[in-house]
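Working notes, beginning with the structure itself.
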Amino acid sequence: MTLPRSAVPAPDPYMPDTPYAWLRLWLTLLVATIAGVGMWAIVVVLPDVQTEFGIQRGDASIPYTVMMLGFAFGTIVLGRMADRTGIVPPILIAGACLGAGFVLAGLAPNLWLFSVAHAVLIGVGAGTGFAPLMADISHWFVKRRGVALVIVASGSYLAGTIWPMAIKFALPVFGWRTTYIAIGIFAAVTIIPLAAFFRRQPSHAAMVAADHAAGEARADLGMSPAVLQGLLIAAGFACCVAMSMPQVHIVAYCGDLGYGVARGAEMLSLMLFLGIFSRIGSGVVADRIGGTATLLIGSIMQGTALLLYLFFNGLTSLYIISGIFGLFQGGIVPMYAVICREFLPPREAGARIGLVVSATIIGMAAGGYLSGLIYDATQSYRLAFLNGIAWNGVNLAVMSWLFWKKQKAMPQPA
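Add 25 to the 1-based position in the sequence shown for this note's numbering, that's all there is to it.
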């Protein structure tokens, strides 16, 4: 018996991997790119802030450090909020925090208030544009989850490509204060209206299926969620202490070498632009071989790129090495989200991914500040690069062990 066409249920357009999911993905990328300005603006204006407030390089790194701590706080708290309420409230909070934060920082009369604005407002707002958005989009994809996650994560790199160049051109004309105020206004009037497009929730059936798959994968690994979470936190912290050295200090490093901060800003943009391709490529690879193996490959490649900075400091060489660094390390951080979704409960994705990403952010903050202290003590970045290489070794050790555990759990051929 053939059912009439009207009796055949239509495919659910809001299940994972549907055209709606892809539309939501591109809107998510847009929000992430705008919110990402909170992470990169201070990197470009750091020399100007240091000069205006009359402080040392280590002190000038404080706003970046506390911004990253605020970023970490935002990823955890707003990630947990997204698990309970959906992503709309976190997006609204992001727009409000970024708008108020940049305006307040642009009006700040001293380093203390400038740092508070970065910690309490800019950092929290920027944090929403990363882990909570990644957790939300992970519910809308299964077959292409790795690709979807790295596309959202690429928002921070798109921001790092677009915003430093825009700020570099604005600084000589308007100064860093007016530039900051303009950024705040733009962030608020774009992000807040975009929140209306994210009201739909993932289907219950898709969430149940994802929870079952994660439970089976975790049982095969033979590891509790708490232990796996702890290992990912340790690995994330270590890799980003290493990653922070070029990303945070390349602008100042070029200034010290006599090439000018404009050249450093161009290298940062190149690094992050090429990192986009690395991230997309890592997502494709992760959908084939899994997040653990992909992250291990990225860790090896990042360590190799850091070594190159020790041996070459010519202008052309630094452009090339910065590009290589972007290509080698761009896919590392999103893989933590892929691993979380592969092994940990999906209904806790916002909180779980937020915890791991917060560890990477704290690693970036600690690494950026530590590199500044090392520079102040030695008047050279050589030991700072060596410090980054050592921390990369810690990440490599943790991920190698996790990869071994996963391979050991796989069925062996007869």
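Here a beta-carbon is modelled for each residue, glycine too, at the ideal position from N, C-alpha and C.
If you're wondering where the values come from, they're calculated on a predicted model, not measured in any experiment.
Sequence-distant residues of the same chain with beta carbon closer than 6 Å to residue i, five excluded per side
i	result
Met-93	Ile-386, Met-389, Ala-390
Phe-127	Tyr-205, Ile-208, Gly-209
Leu-340	Tyr-284
Gly-308	Gly-171, Val-172, Val-175
Gly-356	Ser-303, Arg-304, Ser-307, Gly-323
Phe-78	Leu-136
Leu-333	Ile-346
Ser-269	Met-389, Gly-392, Gly-393
Ala-97	Ser-383, Ile-386, Ile-387
Leu-158	Thr-53, Ala-57, Val-177
Val-310	Thr-319
Ala-330	Ile-349, Phe-350, Phe-353
Val-358	Thr-385
Limits of the unbroken alpha helix (DSSP H) element including residue i
i	result
Pro-165	Sequence inspection shows Trp at residue 165; the Pro mentioned does not correspond to that position. Premise fails: Trp-165 is in no alpha helix (DSSP H) and is neither H nor E.
Glu-291	286–314
Ser-228	That residue, Ser-228, is in no alpha helix (DSSP H); it is neither H nor E in DSSP.
Gly-351	340–354
Thr-90	87–110
Ser-396	374–403
Gln-81	Unbroken run through Gln-81: none, as it is neither H nor E.
Phe-262	250–281
Leu-55	44–60
Tyr-406	Looking at the DSSP string, Tyr-406 is not in any alpha helix (DSSP H), and its letter there is neither H nor E.
Pro-359	357–368
Cβ neighbour criterion (16 or more within 10 Å) applied to residue i
i	result
Pro-115	buried
Thr-403	exposed
Trp-429	exposed
Lys-193	buried
Arg-25	No information on residue 25 is available, as it lies outside the stretch 26 to 439 that the chain covers here.
Phe-336	exposed
Asp-441	Absent from the structure is residue 441, since the part of the chain shown begins at 26 and ends at 439.
Ser-347	buried
Asn-135	exposed
Leu-50	buried
Tyr-278	buried
Val-198	exposed
Val-252	exposed
Leu-299	buried
Val-266	buried
Ile-314	exposed
Trp-416	buried
Thr-110	exposed
Pro-44	exposed
Thr-76	exposed
Ser-396	buried
Rounded distance between the beta-carbons of residue j and residue i, thought under 8 Å
i	j	result
Ala-60	Ile-216	6 Å
Gly-261	Tyr-361	6 Å
Gly-152	Gly-185	About 15 Å; that fails the 8 Å criterion.
Ala-212	Leu-123	4 Å
Trp-188	Ala-85	Wrong, their Cβ atoms sit about 19 Å apart, outside the cutoff.
Ser-254	Arg-377	The question names Ser, yet the displayed sequence has Gln at residue 254. Rounded, the Cβ-Cβ distance is 7 Å, consistent with contact.
Ala-290	Met-190	7 Å
Gln-272	Met-296	7 Å
Pro-88	Val-286	About 17 Å separates the two Cβ atoms, so there is no contact after all.
Gly-148	Gly-95	2 Å
Cut-off 8 Å between Cβ atoms - residues of its own chain near residue i, not counting five sequence neighbours on either side
i	result
Leu-54	Ile-176, Val-177, Ser-179, Gly-180, Leu-183
Leu-28	Reliability of the predicted coordinates at Leu-28 is poor, the pLDDT of 49 falling under 50, and the value obtained from them is presented with this limitation in mind. Taken in chain order, the list of residues that qualify is empty.
Val-70	Ile-192, Leu-196, Trp-201, Thr-204, Tyr-205
heavy atom of the ligand MN below 7 Å from residue i C-beta
i	result
Met-92	As far as ligands go, the structure on display features none, and thus does not contain the ligand MN.
Sequence-distant residues of its chain with Cβ nearer than 7 Å to residue i (five each side left out)
i	result
Pro-117	Reading off the sequence shown, one finds Leu at residue 117, where the question assumed Pro. Excluding residues within five positions, the ones whose Cβ falls inside 7 Å are Ile-217, Ala-220.
Leu-461	The chain is shown from 26 up to 439; residue 461 falls before or after that span and cannot be answered.
Ala-398	Per the sequence presented here, residue 398 reads as Leu, with Ala not at that position. Same-chain partners within the cutoff: Gly-83.
>> As an exercise, report each continuous beta strand (DSSP E) stretch of at least 3 residues that is fully enclosed by the segment 130–195, in chain order.
In response: none
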